[in-house]
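**Student:**
Numbering (our numbering), first residue to last: 1117 to 1295.
1. Please report the distance separating the alpha-carbon of residue 1294 from that of residue 1220.
2. Considering only the beta carbon of each residue, do residue 1264 and residue 1201 sit closer than 8 Å?
3. Across which residues does DSSP place residue 1244 in a beta bridge pair?
4. Taking the alpha-carbon positions, what's the residue 1170 to residue 1143 distance?
5. Just verifying my parser: in three-state terms, what is the DSSP assignment at residue 1211?
6. Consult DSSP for residue 1203 and reduce its assignment to one of helix, strand or coil.
7. Mind checking which residues open and close the alpha helix (DSSP H) that includes residue 1285?
8. Based on the DSSP secondary-structure assignment, which residues constitute the bridge partners of residue 1219?
9. For residue 1259, name the three-state secondary structure that DSSP assigns.
10. DSSP three-state label for residue 1232, please.
11. Do residue 1206 and residue 1179 have their CB atoms nearer than 8 Å?
12. On the premise that residue 1230 lies in contact with residue 1223, defined as a C-beta separation below 8 Å, what is that separation, rounded to the nearest angstrom?
Structure, rendered in structure tokens:
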């Protein structure tokens, strides 16, 4: 049964901190953000009481959610860069930053919910399907109506900021008509 919440994402973030043996913001900066030319303004905050010990050192254990003081805060251009990285199947300027295989798995239907992959919503048939758009379209939906939409069919990345979440389908419908 699919139950959308931050608990599993937070557990994943905590586990990855121990796998990489450093804070996830440091991993993200070194392996993705610097390489895609992201700004220096993005931040990934953890909750005040979210610390873990790695090799005898206290490390902030950041969370996946973007509410109640935790999560990643990123500008529009950096969101677009992240979308382009996925549009290009993990490749940036000839360097494979995320494996194409992982991108494929992350953007494929999961067993509990065919409209959800690994942290990406999918435009597959069902209650989250956007009419007029390919079933290959997928999107990240962040707190406050922040969306990163990736449409392979149209070679397109769409970023919205502070859009009422219930208006995204209408927005995409208007965009589809404009294309």
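Built from N, CA and C at the ideal position, the CB exists for glycine as well.
Here the structure is a predicted model, which is why all the values come from computation and not from measurement.
**Tutor:** Taking the geometry as given:
1. Mapped onto the chain shown, residue 1294 falls at position 178. Mapped onto the chain shown, residue 1220 falls at position 104. One C-alpha to the other measures close to 28 Å.
2. As a working note, residue 1264 is residue 148 in the chain shown. As a working note, residue 1201 is residue 85 in the chain shown. No, these two residues do not count as a Cβ contact at 8 Å.
3. Taking the first residue of the chain shown as 1, we reach residue 1244 at position 128. Answer is none; residue 1244 lacks a bridge partner.
4. For the purposes of this step, residue 1170 is taken as residue 54 along the chain shown, with counting starting at 1. For the purposes of this step, residue 1143 is taken as residue 27 along the chain shown, with counting starting at 1. Roughly 14 Å between the two C-alpha positions.
5. The sequence position of residue 1211 within the chain shown is 95, counting from 1. Here residue 1211 sits in strand by DSSP.
6. Locating residue 1203 in the chain shown gives position 87, where the first residue counts as 1. Of the three classes helix, strand and coil, the one that applies to residue 1203 here is helix, per DSSP.
7. For the purposes of this step, residue 1285 is identified with residue 169 of the chain shown, where counting begins at 1. Note, residue 1285: alpha helix (DSSP H), 1284-1294.
8. Stepping through the chain shown from its first residue, residue 1219 is reached at position 103. Answer is none; residue 1219 lacks a bridge partner.
9. For the purposes of this step, residue 1259 is taken as residue 143 along the chain shown, with counting starting at 1. Residue 1259: coil per DSSP, three-state reduction.
10. Against the chain shown, residue 1232 aligns to sequence position 116. In the structure shown, residue 1232 sits in a strand (DSSP, three-state: E or B).
11. Taking the first residue of the chain shown as position 1, residue 1206 is located at position 90. Taking the first residue of the chain shown as position 1, residue 1179 is located at position 63. No, Cβ-Cβ distance for residue 1206 and residue 1179 is not below 8 Å.
12. Within the chain shown, the letter at position 107 stands for residue 1223. Within the chain shown, the letter at position 114 stands for residue 1230. At roughly 12 Å, the Cβ-Cβ gap does not stay under 8 Å, so residue 1223 and residue 1230 are not in contact.
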